[in-house]
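S.K.:
2 protein chains.
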Amino acid sequence: MPLLAASMLCAPAMAQDAKVGRAKASAQCAVCHGQNGVAQMPTAANLAGQQELYLVKALEDFRSGKRENEMMTVVAKGLSDADIANLAAWFASIPVTVQPLP
Amino acid sequence: MPLLAASMLCAPAMAQDAKVGRAKASAQCAVCHGQNGVAQMPTAANLAGQQELYLVKALEDFRSGKRENEMMTVVAKGLSDADIANLAAWFASIPVTVQPLP
Numbered sequence: 001m002p003l004l005a006a007s008m009l010c011a012p013a014m015a016q017d018a019k020v021g022r023a024k025a026s027a028q029c030a031v032c033h034g035q036n037g038v039a040q041m042p043t044a045a046n047l048a049g050q051q052e053l054y055l056v057k058a059l060e061d062f063r064s065g066k067r068e069n070e071m072m073t074v075v076a077k078g079l080s081d082a083d084i085a086n087l088a089a090w091f092a093s094i095p096v097t098v099q100p101l102p
Numbered sequence: 001m002p003l004l005a006a007s008m009l010c011a012p013a014m015a016q017d018a019k020v021g022r023a024k025a026s027a028q029c030a031v032c033h034g035q036n037g038v039a040q041m042p043t044a045a046n047l048a049g050q051q052e053l054y055l056v057k058a059l060e061d062f063r064s065g066k067r068e069n070e071m072m073t074v075v076a077k078g079l080s081d082a083d084i085a086n087l088a089a090w091f092a093s094i095p096v097t098v099q100p101l102p
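Chains A and B, in that order, are what the protein sequence lines are.
UniProt numbering numbers the first residue of the first sequence as 1 and each following residue consecutively.
UniProt numbering numbers the first residue of the second sequence as 1 and each following residue consecutively.
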């Protein structure tokens, strides 16, 4: 079953659940990053439609202390690997349209 | 002139020029982050419409070594304060629409 084998190779190491991530984000992220991933304060990042792998690395780095931020260092400490996978899946899934450049 | 004084207080420390930033980005950022700020590889961040202050801090942190990334640590080393201001102004200015959430 070469096709099945190939698709399994592409499967993520952990099944991520954007719906679960959305609920978690609503409780823990939305004050700064917005319910829809649009930042509510100028120093916070917009997360809507951000790259999933980038978000996973950002949260892992905040959790490990490799990357520091007054707010995120605190928030990330409490996240499990599943939380990170779900949050990244949620924010990456928010549909964003970039206007064509002139 | 209280109104003028107030507006001067709000002026950025350095005048940023999105057009100059666009030219610089086209040469130095686009391979990974796209001409329009839409990432071309899964580990790079989408930058289109990102918050300007967030981008300034990210570039300053990569330049100082506070934040590390194999690619960005190298690229940011060569950026002046004006480069950072211009690049942040450019990417922040790219119009992005976030779809309403269901």
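Each residue gets a CB set at the ideal place from its N, CA and C atoms; glycine is no exception.
Please confirm whether Cys-10(A) has its beta-carbon closer than 8 Å to some beta-carbon of chain B.
M.R.: Mapped onto the first sequence, residue 10(A) falls at position 10. Low confidence applies to Cys-10(A): its pLDDT is 43, below 50, so where it sits in the model is not reliable, and the reading given next is rough at best. No, its Cβ sits nowhere closer than 8 Å to a Cβ of chain B.
S.K.: Should Gly-65(A) be labelled buried (16 or more other beta-carbon atoms within 10 Å of its own) or exposed?
M.R.: Here residue 65(A) is taken as the residue at index 65 of the first sequence, counted from 1. Exposed, since its Cβ has fewer than 16 Cβ neighbours within 10 Å.
S.K.: Spell out whether any CB of chain A is found under 8 Å from the CB atom of Ile-84(B).
M.R.: Your numbering for residue 84(B) matches position 84 in the second sequence. So, not an interface residue.
S.K.: Anyone know if the C-beta pair for Val-20(A) and Asn-86(A) falls short of 8 Å?
M.R.: As a position in the first sequence, residue 20(A) is number 20, starting the count at 1. As a position in the first sequence, residue 86(A) is number 86, starting the count at 1. Cβ distance < 8 Å, so Val-20(A) and Asn-86(A) count as in contact.
S.K.: Going along chain B in order, which residues have a C-beta closer than 8 Å to the C-beta of Thr-73(A)?
M.R.: Counted from its first residue, the first sequence places residue 73(A) at position 73. Neighbours of Thr-73(A) on chain B: none; closest Cβ ~13 Å, over 8 Å.
S.K.: Is there at least one Cβ from chain A nearer than 8 Å to Lys-19(B)'s Cβ?
M.R.: Translated into the one-based positions of the second sequence, residue 19(B) becomes position 19. Judged by the 8 Å Cβ criterion, Lys-19(B) is not in contact with chain A.
S.K.: With a Cβ-Cβ cutoff of 8 Å, do Phe-62(B) and Ala-76(B) count as a contact?
M.R.: On the second sequence, residue 62(B) is found 62 positions in, with the first residue counted as 1. On the second sequence, residue 76(B) is found 76 positions in, with the first residue counted as 1. Result yes, Cβ atoms of Phe-62(B) and Ala-76(B) sit closer than 8 Å.
S.K.: Any idea if Glu-68(B) is buried or exposed, counting beta-carbon neighbours within 10 angstroms, 16 or more meaning buried?
M.R.: For the purposes of this step, residue 68(B) is taken as the residue at position 68 of the second sequence. Under this definition Glu-68(B) is an exposed residue.
S.K.: From the beta carbon of Arg-67(B), is the nearest beta carbon of chain A less than 8 Å away?
M.R.: As a first step, residue 67(B) must be located in the second sequence, where it is residue number 67. It does; some Cβ of chain A falls within 8 Å.
S.K.: Between Asp-17(B), Arg-22(B), Gln-16(B) and Cys-29(B), which has its C-alpha nearest Thr-73(B)'s C-alpha?
M.R.: Position 73 of the second sequence, counted from the start, is the residue given in the question as residue 73(B). Of Asp-17(B), Arg-22(B), Gln-16(B) and Cys-29(B), the residue nearest in Cα terms is Cys-29(B).
S.K.: Mark Leu-101(B) as exposed unless 16 or more other C-beta atoms lie within 10 angstroms of its C-beta, in which case mark it buried.
M.R.: Counting from one through the second sequence, the residue named residue 101(B) turns up at place 101. By the 10 Å Cβ count, Leu-101(B) comes out exposed.
S.K.: Is Pro-95(A) close to chain B? Criterion is C-beta to C-beta, closer than 8 Å.
M.R.: For the purposes of this step, residue 95(A) is taken as residue 95 along the first sequence, with counting starting at 1. Yes, because at least one Cβ of chain B sits closer than 8 Å to the Cβ of Pro-95(A).
S.K.: Cα-Cα, which of Gly-49(B), Gly-37(B), Ala-39(B) and Val-38(B) is closest to Pro-42(A)?
M.R.: Walking along the first sequence from the start, residue 42(A) turns up at place 42. Considering only alpha carbons, the answer is Gly-49(B).
S.K.: Relative to the C-alpha of Lys-24(A), which candidate in Val-38(A), Leu-55(A) and Leu-79(A) has its C-alpha closest?
M.R.: Indexing the first sequence from 1 puts residue 24(A) at position 24. The shortest C-alpha separation from Lys-24(A) is found at Leu-79(A).
S.K.: Report all residues from its chain with a CB closer than 6 Å to the CB of Ala-88(B); omit the five preceding and five following residues, and keep chain order.
M.R.: In the second sequence, counting from the first residue as 1, residue 88(B) sits at position 88. The answer, listed in chain order, is Glu-52, Leu-55 and Val-56.
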